[in-house]
Each structure stands twice: as structure tokens, then as C-alpha cells.
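K.L.:
Per our numbering, residue 23 is the first one in the sequence shown, and the count goes up by one each step. Glycine is no exception: its CB is placed at the ideal position from the N, C-alpha and C atoms. Please read through the structure below; I'll follow up with questions.
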Amino acid sequence: MWQTISRLGPRLEAGLPTGLTGLWTRGTPRSTLLSLYNITLSKLQSIPETSVYRQSVEALTRHRMGLVEQIKPTGHEQWANRARDEAKEKTQKYRVGSVSADGREARLTGRDGQVTNDHGGWHGQRNVEEAELEGIEAAELRLAERGLINDDDARELEDEPQLTAEQIAELEKKIGAGLIEEVIQVAEAELHLVDIMKKANVWGTLEEEPIVGQWNYFQR
């Protein structure tokens, strides 16, 4: 009942119960998912294209990312333009590169053209909340941590407009995997799993080759 009541408002309030024990409403689900999906796709590039694991994860990740990108909050394009302008004003050693081909917003690049913010968000096991800082925001906060720009300037960046409760419900229906918070949990786990699979080298040759027919099921 609480899940239904709490999602009747025009926008979802971060930190409220979702109706599932231990799972709280996320304030920035769209930018969080885009960050997680982009980092996952980037990490998968180091796995052979012939790997069935890579192929399956890439397919699912790109599918879900496409669904997320289709739904944009009101004023998103104007926000992106303002964010690019802010970054240009506040960064002297860095400039804003073009929007990435996969739909992510502006990236910060060095004067030599080297990408500084390749995916903007959560890296590995760092604070998961960093994934909620999409693109430009994440880049500037990291630059502030390195002392390259003023910390106050980085944290004054305008937040991305948020999806309405109706838009989130629409996205949940399209993905078909439960609440958006559950989808985020799956994305976080999948990202973590990439490192584990890489370490295990699951696509490599088996130490002991299987006998002929070992993987064939019994047939009538």
C-alpha cells in the first residue's frame, strides 16, 4: 500500500520507502542508470568480442540504456546546454567535448584532446552515490578532488531535471524488471560482475578439455 501511495505524487522523493524492505527511493534514477550502463559497456570492451558473456551483457545493457534514453525529463536539452556553458566557464585546463555517440551528455577533455571524464559516474566499488552524478557533474567533482578547479564551483553545478513519477512508471513498464530501484541494483551488480568475470578469464580455454558430447543433452 505504501509503495502505491508514495508514488502517486508528481515526483518521487528520494529516501522514501519503496514498499520493498531495505530498498529506498532513488532521487536520480535516470542519470544513475546511464552512468552505470556506460561504465559497464566500457569495461566490456576489454573482453573478447567472441565471448558469449560479453555479447549477452552488451545486448541487455544497450537495450535497457536505449529505453532509459528515450524518456527525458522536461527541460533536459536546455539543462544540457547550460551545463556545457558552465563547464566552459569554470574549467581553464579543460574544455567540453562533443556529446558521445551513445547519448551521454558533454564530456570534459584536456587541451590535448585526451578524455578526462570518459563515463562520468561510479567506478568499481567507490561510493555508489557517485553514479547519480551524470556526465559533467561527475567530471567536475573529480577535477575538484584533484585540485584542478574550485570545489565550490564544482558543487554549484545545476542538477539534471528529474523524471516525473509518471515517467518513471512508464520506464519501469518498458523495462519490465520491477521498480526502477531494483533495475539500478541489477545494473550495479552487473558492473561489479564484469571485474569478477575478467579476473576469472571465463572465456579462456579450459585446463581440461571436455570429452566429445559432454555438453549434449540426452535425446530421445
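(1) Please report the distance separating the alpha-carbon of H227 from that of S78.
(2) Whole angstroms is fine: what's the gap from P232's alpha carbon to I197's?
(3) If contact is defined by three or more beta carbon pairs under 8 Å, each pair taking one atom from either stretch, is the stretch 84 to 104 in contact with the stretch 44 to 61?
(4) What are the residues that DSSP puts in a beta bridge with W101?
(5) What's the gap between the Cα of A211 and the Cα of R106?
(6) Going by the beta-carbon positions, is the gap between K220 and I69 smaller than 8 Å?
(7) Could you give the C-beta distance for L56 and V90, rounded to a whole number, given that I count them as a contact under 8 Å?
(8) Secondary structure at L89, three-state DSSP: helix, strand or coil?
(9) Determine, using beta carbons only, whether Y75 and V224 come nearer to each other than 8 Å.
(10) I'd like to know whether the C-beta atoms of R104 and I206 end up nearer to each other than 8 Å.
(11) Determine the direct distance from the alpha carbon of K195 to that of Q189, and round the result to whole angstroms.
(12) Between E203, E230, L213, which lies nearest to L38 when the distance is taken from Cα to Cα?
(13) Are the beta-carbon atoms of L201 and L42 separated by less than 8 Å?
(14) Going straight from the alpha carbon of L215 to that of G235, what length do you get?
(15) If you count every other CB in all the chains shown that lies within 10 Å of the CB of E99, and 16 or more means buried, which is it?
(16) Please say whether E230 and A101 have beta carbons closer to each other than 8 Å?
P.N.:
Per the coordinate set shown:
(1) Residue identity check: residue 227 is Thr in the sequence provided, not His. T227 and S78 have their C-alpha atoms some 19 Å from each other.
(2) 38 Å
(3) yes
(4) Looking at the DSSP assignment, W101 forms no beta bridge with any residue, so it has no partner.
(5) 31 Å
(6) yes
(7) L56 to V90, Cβ: 6 Å. Contact.
(8) Residue state, collapsed to three classes: helix.
(9) yes
(10) no
(11) 10 Å
(12) Measuring from the Cα of L38, the nearest candidate turns out to be E203.
(13) yes
(14) 30 Å
(15) exposed
(16) Strictly speaking, residue 101 in this sequence is Trp, with Ala absent from that position. Against a cut-off of 8 Å, the Cβ pair of E230 and W101 comes out as no contact.
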